[in-house]
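Okay, structure first, notes after.
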Amino acid sequence: MLMSKSLFLMSKSDYFCVGLWIAGSIGVVAAVIYFWRWLASMNLQRYEIARAIPLLLITPLALVGLKLWHRRHNEWTWIPAAIMVITVAVDPLFYWLNFNPSIDKRFFYPTSEGIDRLKKDPETWRLMGVAGALPANTASYYQLQDALGYDAMTYTRYYDFMVMIDPGFKDLVAALEIDKLASKPWNPRTRLFDEWVLGLLASKNEGFLPFLRQANYWNSVVRTIHNRRLLDLMNVKYLVSPPGWFPDATLQDLELVYDKEMRIYLNKTVLPRAIAVNRWIVANSDQEAIRLLSDPEFDLARTAVVQNPEPSTKTVEQPASIPMR
């Protein structure tokens, strides 16, 4: 119906063709101007201009051609209408054909020497990626057990436990670098989100920022390790990092066993996945349990922290801890 209406207007007035071309040209030019900073930042100016100029030239030529053809063949209105409908239908299909191409399976999640090295360890252990190495859910594809779990619903106690390892684990302000947004260089990929965050902060009271420091609920990135003894308790045998990452003073006892496309550090003091201990300490709250586990003097290999024990519970003394694998 729209095609027929357009052809009817074309047959009645030449001004409609001129106006349609002018409106389309203004739209194309306006789009190029509006997105110019994005295009420049991604070095696509020539690419887009090379396509905009033919569009500005071909459009009026096509309109003139349709107009002249319609004057000579006024009774065959359905032909240009059919051509326009087919063009509109085929054009997006032409550009979408290769949008989701078929790719050889081996190019999806390709393995590496580092991954192969980890998979050769027959023992039961976990790894932990730091500084962005092995993002959430990545290790599970290779059947490697990640101490960070997977990117889904986060158990509250685990969330609090990770804060003992990385004090900034809950800090959404640090993760988004909110303190630097105002002076952040213009970035086409994050501009809209950055402006939205700044506008949100401006609309909230002063209590909103402290809230964000405890609100990074979906975090799966460890940036620093404050209490490395807890890695032993979590059965973290390997620490995986990017090539340029170096452990701080608290991790100097780790052994670098692989250094190519990734770095793999071996934790020689890792505890078994499960152990039987010969004593325990009762904690009356989650906060007290966290305090006990964070205490450098607390023996993680021989003492358990329990909460809300049964009245009949008694301390059982054993000669030594019994590893269970």
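The numbering of the sequence shown is the numbering used here, which starts it at -11 and goes up by one. For glycine and all other residues, C-beta sits at the position ideal for the given N, C-alpha and C.
* Asked: Distance, Cα to Cα, S232 vs G120?
  -> For the record, residue 232 in the displayed sequence is Gly; it is not Ser. Whole-angstrom Cα-Cα distance: 12 Å.
* Given a threshold of 16 other Cβ atoms within 10 Å of its Cβ, counted over all protein chains shown, does I153 qualify as buried or as exposed? -> Around the beta carbon of I153, 16 or more other beta carbons lie within 10 angstroms, which makes this residue buried.
* **Which listed residue (R105, L280, Q275 and G117) has its alpha carbon closest to that of V245** => Looking at the Cα atoms, R105 is the closest of the given residues.
* Asked: With respect to the beta strand (DSSP E) encompassing T291, which residues constitute its N-terminal and C-terminal limits?
  -> Boundaries of the beta strand (DSSP E) harbouring T291: T291 to V294, taken from the DSSP string.
* To do: Would you kindly work out how many angstroms separate the C-alpha atoms of R290 and R216, rounded to a whole number?
  => For R290 and R216, the distance between alpha carbons rounds to 17 Å.
* Asked: Any chance the region 227 to 242 sits against the region 165 to 185, with 3 or more Cβ pairs inside 8 Å?
  -> The region 227 to 242 vs the region 165 to 185: no contact.
* Compare the C-alpha of T144 against each of S282, D274 and D283 and name the closest. => It is D274 whose Cα lies nearest to the Cα of T144.
* Under 9 Å between the Cβ atoms of L280 and F149? -> Taking 9 Å as the Cβ cut-off, L280 and F149 do not qualify as a contacting pair.
* Asked: What is the DSSP secondary structure of A121, counted as helix, strand or coil?
  -> Reduced to three states, the DSSP call for A121 is coil.
* For F157, count neighbouring Cβ atoms within 10 angstroms of its own Cβ and tell me buried if that reaches 16, exposed if not. => Classification for F157: buried.
* Following the continuous beta strand (DSSP E) through S128, name the residue where it begins and the one where it ends. => Annotation: S128 is outside any beta strand (DSSP E); the continuous alpha helix (DSSP H) that includes it extends over T126 to Y129.
* Asked: How do the region 127 to 136 and the region 253 to 260 stand: do at least 3 beta-carbon pairs fall below 8 Å, yes or no?
  -> The region 127 to 136 and the region 253 to 260 do not touch, with fewer than 3 CB-CB distances between them shorter than 8 Å.
* Determine the closest residue to T75 out of I21, E276, A50 and R94, with distance taken between C-alpha atoms. => Closest by alpha carbon: A50.
* Output the distance between the C-alpha atoms of G117 and M72, rounded to the nearest integer angstrom. => Their Cα atoms are separated by approximately 55 Å.
* Got a sec, what are the start and stop residues for the beta strand (DSSP E) L254 sits in? -> From DSSP, the beta strand (DSSP E) with L254 extends over R251 to L254.
* Asked: How long is the line joining the alpha carbons of G7 and G53, rounded to whole angstroms?
  -> Each residue's Cα considered, the two are about 16 Å apart.
* Assign S191 to one of two classes, buried (16 or more other C-beta atoms within 10 Å of its C-beta) or exposed (fewer than that). => Exposed, because fewer than 16 other Cβ atoms sit within 10 Å of the Cβ of S191.
* Asked: DSSP on M116, reduced to helix/strand/coil?
  -> In the three-state reduction of the DSSP assignment, M116 falls in the strand class.
* Output yes or no for whether 9 Å exceeds the beta carbon distance between K225 and D109. => Taking 9 Å as the cut-off, the beta carbon of K225 is found closer than this to the beta carbon of D109.
* Asked: Thinking C-beta only, is R201 closer than 9 Å to D241?
  -> No, the Cβ-Cβ distance between D241 and R201 is not below 9 Å.
* Asked: Among all the DSSP beta bridges, which residues are the ones paired with L186?
  -> According to DSSP, L186 bridges with nothing at all.
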